[in-house]
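Numbering (my numbering), first residue to last: 5 to 242.
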Amino acid sequence: MKNRQTILLSLILSVGIILSSIAIANTLVKGEKVDRFVTVIGSAQRDIEVDLGVLHLNIGHCEKDQDLSEVKNALDSKIQFIYDYLESKGIEKREIEQSHFYVSLVNFPVDDYSDSQYESDRYYARVELVVKTHNVDALRESISDMYTLISKDITLSYTSHVGYMVRNLAGIETELKEEATKNARELAEKFGVYSNSTIGGIKKVHQGDLSVERYDFNSTLNFQKASVSSTVEFYLID
5 MKNRQTILLS
15 LILSVGIILS
25 SIAIANTLVK
35 GEKVDRFVTV
45 IGSAQRDIEV
55 DLGVLHLNIG
65 HCEKDQDLSE
75 VKNALDSKIQ
85 FIYDYLESKG
95 IEKREIEQSH
105 FYVSLVNFPV
115 DDYSDSQYES
125 DRYYARVELV
135 VKTHNVDALR
145 ESISDMYTLI
155 SKDITLSYTS
165 HVGYMVRNLA
175 GIETELKEEA
185 TKNARELAEK
195 FGVYSNSTIG
205 GIKKVHQGDL
215 SVERYDFNST
225 LNFQKASVSS
235 TVEFYLID
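1) Suppose contacts are defined by Cβ-Cβ distances below 8 angstroms. Is E61 in contact with S164 by that definition?
2) Answer with buried or exposed for T152, where buried requires no fewer than 16 other C-beta atoms within 10 angstroms of its C-beta.
3) Would DSSP call T185 helix, strand or coil?
4) Looking at the structure shown, is V54 part of a helix, part of a strand, or coil, going by DSSP?
5) Quick one: grab the DSSP three-state call for N77.
6) Can you give me the Cβ contacts of K208 inside the same chain, cut-off strictly under 6 angstroms, excluding the 5 residues immediately before and after it?
7) What three-state label does DSSP hand K208 in the structure shown?
8) Where does I241 sit, in a helix, a strand or coil, going by DSSP?
9) Run through DSSP, which three-state label would R40 get?
10) Going by the CB atoms, is the gap between I95 and V135 shorter than 8 angstroms?
11) Would the beta-carbon of S47 fall within 8 angstroms of that of S215?
12) Go to E145, then tell me how far its alpha helix (DSSP H) extends in each direction, as first and last residue.
13) Between I206 and E193, how many whole angstroms is the CB-CB distance? I'm expecting something under 8 angstroms.
14) Specify, as a first and last residue, the run of the beta strand (DSSP E) that T137 falls within.
15) Where does I16 land, buried or exposed, given buried means 16+ other C-beta within 10 angstroms?
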């Protein structure tokens, strides 16, 4: 009797182990099928035309034996000439604004042959003009001809600089991300052909940030290169 019970118990345990093994095996197979995927990187790029130029002009005036009012009048005369010059190039007056004004009393060191250590005090005045315009071509022409200002005793500070940008970057970024994801699927489908697999839905996607670069620092082109890369995981279906 005890032997029969022992044999029966052994059979029950054996069947249970076999059934458990089959269940685990099926789970592993299903999991393997679900987890099969391919990772591809899709990219998109576009030439975008800059539509805003910002120019910072720092103009100063300093001259010996002048009082403050004379220095200011001389600087005002230079500012007016700059306004006239920019307007002659196609820049509108409303696109030019006066930003910072700075004035100081400075001592200039004399040459080695002078008996005194410093010359008499001088007033130095400086003003910053900011030009913001959508007429990028006019701004470029203005900058290229600014050497002519020397004839009017106008020199620009080394802090003067210009920048070009694109306003609707958010809309461009959205379009490029959609295009990059579409290109990623096309690459995945090519892989599916070679591997005899069908490309399923997206498992995971990582969209990179928009990158905007100038073609060349000294380039006169009004275009910049915008690009986006997206890493996408697609399910594979046998």
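All residues carry an ideal CB built from backbone N, CA and C; glycine is no exception. Quantities reported herein were computed from a predicted structural model and do not represent experimental measurements.
This is what the structure gives:
1) Along the sequence shown, read from residue 1 onward, the residue named residue 61 stands at position 57. Along the sequence shown, read from residue 1 onward, the residue named residue 164 stands at position 160. Note on identity: in this sequence residue 61 is Leu, with Glu being the wrong assignment. Going by C-beta atoms, L61 is nearer than 8 angstroms to S164.
2) Along the sequence shown, one-based indexing puts residue 152 at 148. Label assigned to T152: exposed.
3) Taking the sequence shown and counting its residues from 1, one reaches residue 185 at position 181. Correct three-state label for T185: helix.
4) As a first step, residue 54 is located in the sequence shown; it is residue number 50 there, counting from the start. DSSP places V54 in coil when its eight states are reduced to three.
5) Position 73 of the sequence shown, counted from the first residue, corresponds to residue 77. Helix.
6) On the sequence shown, position 204 is the one that residue 208 refers to. Taken in chain order, the residues that qualify are E237.
7) One-based indexing of the sequence shown puts residue 208 at position 204. The answer is strand: DSSP assigns K208 an E or B state.
8) On the sequence shown, position 237 is the one that residue 241 refers to. It is a strand residue.
9) On the sequence shown, residue 40 is found 36 positions in, with the first residue counted as 1. Coil at R40, not helix or strand.
10) By one-based count along the sequence shown, residue 135 stands at place 131. By one-based count along the sequence shown, residue 95 stands at place 91. Contact flag set, yes.
11) Taking the sequence shown and counting its residues from 1, one reaches residue 47 at position 43. Taking the sequence shown and counting its residues from 1, one reaches residue 215 at position 211. Contact flag unset, no.
12) Numbered from 1 along the sequence shown, position 141 holds the residue referred to as residue 145. Per DSSP, E145 belongs to the alpha helix (DSSP H) from 140 to 148.
13) The residue you call residue 206 lines up with position 202 of the sequence shown. The residue you call residue 193 lines up with position 189 of the sequence shown. With a Cβ gap of about 13 angstroms, I206 and E193 do not count as contacting.
14) By 1-based counting over the sequence shown, the position of residue 137 is 133. Run containing T137: 126 to 137, per the beta strand (DSSP E) assignment.
15) What you label residue 16 is simply residue 12 of the sequence shown in a count that begins at 1. Low per-residue confidence applies at I16: pLDDT is 41, beneath 50, and the placement is therefore not dependable enough to give any value.
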